[in-house]
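Visitor:
There are 2 protein chains.
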Amino acid sequence: MHAALQYAITRSNFGYIWIVPIPDSTMAMESTAPVHRKTTLSDIAAGCGVSRATVSLVLRGSPLVNKLTQAKVEKELRRQDYVYNRAAANLRRRTSSSIALILNDLANPFFAEFASGVDEKLGEAGYVTLLGSTGESSEREQAVLRSLIEHGPAGIILSPAEGSDVTHVLAAVGAQTPLLLFNRELGGNAPKSAHWDRLMLDNRRGARLATEHLITLGHRHIAFFGGHRDSSSCRERFAGYTEAMRVAGLRIKPHWRVECAPNRVDAVVQCPALFAGSPAPTAAVCYNDAVALGLMLGLCQRGMQPGHDFALTGFDNIAEAALGMPPLTTLAVAPRERGRQAAELILQRLHEPLSAARYIISPVQLVVRASSGALATT
Amino acid sequence: MHAALQYAITRSNFGYIWIVPIPDSTMAMESTAPVHRKTTLSDIAAGCGVSRATVSLVLRGSPLVNKLTQAKVEKELRRQDYVYNRAAANLRRRTSSSIALILNDLANPFFAEFASGVDEKLGEAGYVTLLGSTGESSEREQAVLRSLIEHGPAGIILSPAEGSDVTHVLAAVGAQTPLLLFNRELGGNAPKSAHWDRLMLDNRRGARLATEHLITLGHRHIAFFGGHRDSSSCRERFAGYTEAMRVAGLRIKPHWRVECAPNRVDAVVQCPALFAGSPAPTAAVCYNDAVALGLMLGLCQRGMQPGHDFALTGFDNIAEAALGMPPLTTLAVAPRERGRQAAELILQRLHEPLSAARYIISPVQLVVRASSGALATT
DNA sequence: CGTGTGATATGGATCGATCTAAATCCTGGG
DNA sequence: CCCAGGATTTAGATCGATCCATATCACACG
């Protein structure tokens, strides 16, 4: 290879691409193994004059093998840079060491942190995470499920896409692989025979806590702001809100229910709707933090000071909630913890495939900050 | 089972746990398969009186089989709810259909979106993503690498943990599996023989663009705010800043370089340091968006109006950047696109294992908004 | 000296698919 | 009626590990 060809540099649009040739001695002597094949248990056996069975025993730390042979084999394992082929072992043992994690929206920080928790816990238990992101499309969900199931995961953790249907999911999953549903229910009505574990958030209780908090602070005209009626989590949160209002003997005016997409931009846009009717609310329970932060912006634009002239709460306790001006009163759902919990649940299910299905509604915790006016700092 | 035992409800702390017994007919008739084992290719063969080889050919859509037998086999496949065992096939074919994706911090929205892009692209290509999150710990990185490599991924996409070391990583990965490095370089000095692909962000150019933008707007006293000197990306961005200043013939005062942790809280705290010396800067290039948003808060607290009394830029273009008051001028890095690109690169590498290593520095794009004063709206 | 015993080691079948080479079937030409 | 040759099908080995039943060995005991 000529020195002149050492580097090829391309300027493309903005970025750069370097092409660096491979050094001549592509693969130097790899101990003793043939250049390309991975070394297998048989290579080790041959390499130190014992049978494959013995090597296998050593790999699994069996007490049956003599200390000396064990040492000899272990030395050879290191010498040949052996890596265990778990797929082969799993095939023979009819086991699996992976769990599929299928999320409707990995790019959402809430699910990202959930995934992080799942992976953490699974890793500790010696399992590996098979990831699948469906981008909120039930067609992709089908495809992803079918693809992942072929890799034979021991279990599946699924946060369904919106509009995901029971029968389709069950058809793809089959009856063999345990399923844990997270965050959302499946649409359609389930066949009687079907059963799976569920891990949900206590949306209803969360919204009730927030509403009660505002009531305690003296508010009587409280709105429910944001979210769409057809989202199940929004329905649940709204139910918690109405429940608290009813218990406190407060009537809800129709114009106190303002819908908007669960993001900041739309929240800003819809803010005026809150004040269209009379009496105007003095506080709002928001569908989630994004919406609450948007509403705060909208209030500022109307010359109102959130936490002072108007109290509001969020839901999720995203990172920015603590840092807003003012900081946001909200409900912490601890997504990483939920991830660890989901992993634990599916692992338990593997140990007891026949035990009763569990339906867990996970606690949420009210985090009081200045936006609700409780800690108002002028 | 008695009706009285139908449900067990536990109230625990905040949440609830339902235990729902499994219906009596746990597994109804599963077509014809024995209750518990998965159906295999042999079952299908036996079920419709052909050989295993023929079924295998049908599965892979070979044109060699007669239309009639093909139809017969396909019918039986459906009847028995057959699912392909890709692990077994991979073992025989000595192939792999998975790619390992190892991230230093999955909970970070930037990486979450990157992962989302990777998974999307890999899915399209028929690959499955093996996830591993290292939580910024090089020990965990080692463990995760070793665990994932045992599952025989066809390739590895690695965004290294801070302080991750070349030799350790190479020892875990081995020479067989192609490696693509994303976002960061590995520490330590690499052995000559080693080579792998790299996909990095054009940190330097990004910071230069931001700085040039501020200079064009008339600023002469420009600070570089945030980040730590020992982070490689921070060093690169700082280099871009100094380069632009030098080219424009502007001297940098020492007190214009203020370090802080790459988050909002610390940025607020360090804000006053910017104005400790004279002459005070009239603008700042910030290490990233979080820092820039923090600095905006700090400026407000000093009674200054960002984008009006003081110009500033961020880096990353996180979701909140567009929604701040004022919206933040920043550099878009398109993490999802980078993810798709990373997936593409590793897939290409699988097709050409011996082609030259690529070093790609991905473009970043200046997104001008009001915070830099270019679009000042009073 | 034969043999029972505990400690080790191993051959060969096996998991569920694929591959290779060879067997079978079918059809038309000689 | 036989056979070449294309169209189909298949038996059996194989991937890299594990499991089972059996083999081997050293030693002690009657």
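From first to last, the protein sequence lines stand for chains U and V. Residue 43 is where the first sequence starts when you use our numbering, and the numbers rise one by one after that. Residue 43 is where the second sequence starts when you use our numbering, and the numbers rise one by one after that. Just so it is clear, CB atoms sit at the ideal spot from N, CA and C, and this is done for glycine as well.
Which residues mark the beginning and the end of the alpha helix (DSSP H) in which V/Phe280 is found?
Guide: Where V/Phe280 is concerned, the enclosing alpha helix (DSSP H) stretches over Ser274 to Val289.
Visitor: Under 8 Å, with one C-beta from each stretch per pair, do the region 108 to 117 of chain V and the region 153 to 170 of chain V reach the 3-pair mark?
Guide: These segments do not touch.
Visitor: Can you find at least 3 beta carbon pairs, one from the region 203 to 215 of chain V and one from the region 174 to 191 of chain V, that sit closer than 8 Å?
Guide: Yes, the region 203 to 215 of chain V touches the region 174 to 191 of chain V.
Visitor: Can you tell me whether U/Ala149 is buried or exposed, with buried defined as 16 or more other CB within 10 angstroms of its CB?
Guide: So U/Ala149 ends up on the buried side.
Visitor: What residues of chain U sit near V/Glu192, judged by a beta carbon separation below 8 Å?
Guide: Chain U residues near V/Glu192: Val125, Tyr126, Asn127 and Arg128.
Visitor: Using C-beta distances below 7 Å, list every residue in its chain close to V/Ala70, excluding the 5 sequence neighbours before and after it, in chain order.
Guide: In this prediction, V/Ala70 has a pLDDT of 37, which is less than 50 and means its spatial position is unreliable; what the coordinates show is noted afterwards. Same-chain partners within the cutoff: there are none.
Visitor: Figure out for me which residue from V/Gln390, V/Leu365, V/Leu354 and V/Ser206 has the closest Cα to the Cα of U/Gly336.
Guide: Among V/Gln390, V/Leu365, V/Leu354 and V/Ser206, the Cα nearest to that of U/Gly336 is on V/Leu365.
Visitor: What whole-angstrom Cβ distance do U/Leu241 and U/Arg380 have, given they're in contact under 8 Å?
Guide: About 7 Å; that satisfies the 8 Å criterion.
Visitor: Grouping DSSP H, G and I as helix and E and B as strand, with all else coil, what is V/Ser138?
Guide: Coil, per DSSP.
Visitor: Pull up the CB-CB distance for V/Leu256 and V/Ser413, whole angstroms please, since I reckon it's below 8 Å.
Guide: The pair is not a contact, with the Cβ atoms about 11 Å apart (cut-off 8 Å).
Visitor: Using DSSP bridges, identify the partner residues of V/Asp207.
Guide: Note: V/Asp207 sits in a beta bridge opposite V/Gly229.
Visitor: Closest Cβ-Cβ distance between V/Ser189 and chain U: below 8 Å?
Guide: Yes, V/Ser189 lies at the interface with chain U (some Cβ there is under 8 Å from its Cβ).
Visitor: For a cutoff of 8 Å on Cβ pairs, would you count U/Thr171 as touching chain V?
Guide: Closer than 8 Å: yes.
Visitor: Do U/Arg306 and U/Gly421 come within 8 Å of each other at the CB atom, strictly closer than that value?
Guide: The shown model of chain U, from 43 to 420, leaves out residue 421 of chain U, and the question about it has no answer.
Visitor: Give the DSSP bridge partners of U/Leu223, in chain order.
Guide: In DSSP, U/Leu223 forms a bridge with U/Leu200 and U/Arg240.
Visitor: Spatial neighbours of U/Pro369 within its chain, please: C-beta separation below 8 Å, excluding the five flanking residues on both sides.
Guide: Here the set comprises Ala363, Arg411, Ala412 and Ser413.
Visitor: So with Cβ pairs under 8 Å, would you call V/Glu446 a contact of chain U?
Guide: Because chain V is modelled from 43 through 420, residue 446 of chain V falls outside the range shown and cannot be assessed.
Visitor: Would the beta-carbon of V/Ala203 fall within 8 Å of that of V/Thr176?
Guide: Yes, these two residues count as a Cβ contact at 8 Å.
Visitor: In chain V, which residues lie less than 8 Å from U/Asp161 when you measure between Cβ atoms?
Guide: Neighbours of U/Asp161 on chain V, chain order: Leu148, Leu173, Gly174 and Ser175.
Visitor: From V/Ser275 to U/Val215, what distance separates their C-alpha atoms?
Guide: Distance between the alpha carbons of V/Ser275 and U/Val215 is about 43 Å.
Visitor: Count the other C-beta atoms from every protein chain shown that fall within 10 angstroms of the C-beta of V/Asn359, then say buried if there are 16 or more, exposed otherwise.
Guide: Under this definition V/Asn359 is a buried residue.
Visitor: Do U/Ser206 and the ligand SAH come close, with the Cβ less than 7 Å from some heavy atom?
Guide: Only the bare structure without any ligand can be found here, which leaves the ligand SAH out of the picture.
Visitor: Establish whether the CB of V/Ser158 and some CB of chain U are separated by less than 8 Å.
Guide: Interface residue, yes.
Visitor: Quick check on this structure: which residue in U/Arg121, U/Leu106 and U/Asn245 has the alpha carbon closest to the alpha carbon of U/Ala87?
Guide: The candidate whose alpha carbon is nearest that of U/Ala87 is U/Arg121.
Visitor: Tell me which same chain residues have a C-beta within less than 7 Å of the C-beta of U/Leu221, skipping the five on either side of it?
Guide: Hits under 7 Å: Ile198, Leu200, Val215 and Trp238.
Visitor: Mind checking if U/Gln184 is an interface residue toward chain V, Cβ cutoff 8 Å exclusive?
Guide: No, U/Gln184 does not count as interfacial toward chain V.
Visitor: Can you tell me where the alpha helix (DSSP H) with V/Cys328 in it begins and where it stops?
Guide: Where V/Cys328 is concerned, there is no enclosing alpha helix (DSSP H), although the beta strand (DSSP E) it sits in stretches over Ala325 to Cys328.
Visitor: Under 8 Å, Cβ to Cβ, is there at least one residue of chain U near V/Gln295?
Guide: In the sequence on display, residue 295 of chain V carries Lys and not Gln. No, because no Cβ of chain U sits closer than 8 Å to the Cβ of V/Lys295.
Visitor: According to a CB-to-CB cut-off of less than 9 Å, which residues of the region 373 to 384 of chain U neighbour chain V?
Guide: Against chain V - using a Cβ distance shorter than 9 Å - the residues of the region 373 to 384 of chain U are Pro377 and Arg378.
Visitor: Give the residues from the region 218 to 237 of chain V that approach chain U closer than 7 Å (Cβ to any Cβ), ordered along the chain.
Guide: Listed by position along the chain: Gln218, Lys234, Ser235 and His237.
Visitor: Quick check: V/Leu164 and V/Ala376, are their CB atoms within less than 8 Å of each other?
Guide: Not in contact: V/Leu164 and V/Ala376 (Cβ atoms no closer than 8 Å).
Visitor: Does V/Ala416 come within less than 8 Å of chain U when only Cβ atoms are used?
Guide: Cβ-Cβ to chain U under 8 Å: no for V/Ala416.
Visitor: Residues of chain V with a CB under 8 Å from the CB of U/Pro151: which are they?
Guide: Correct list: Ala149, Pro151 and Ala154.
Visitor: Taking the alpha helix (DSSP H) that V/Arg250 belongs to, which residues open and close that run?
Guide: First-last of the alpha helix (DSSP H) with V/Arg250: Asn245 to Thr258.
Visitor: Using only the alpha-carbon positions, how far apart do U/Ala286 and U/Arg293 sit?
Guide: Their backbone Cα atoms lie some 11 Å apart in a straight line.
Visitor: Could you round the C-beta distance between V/Ser138 and V/Ala217 to whole angstroms and report it? I think they count as a contact, below 8 Å.
Guide: Contact flag wrong, Cβ pair sits at about 16 Å.
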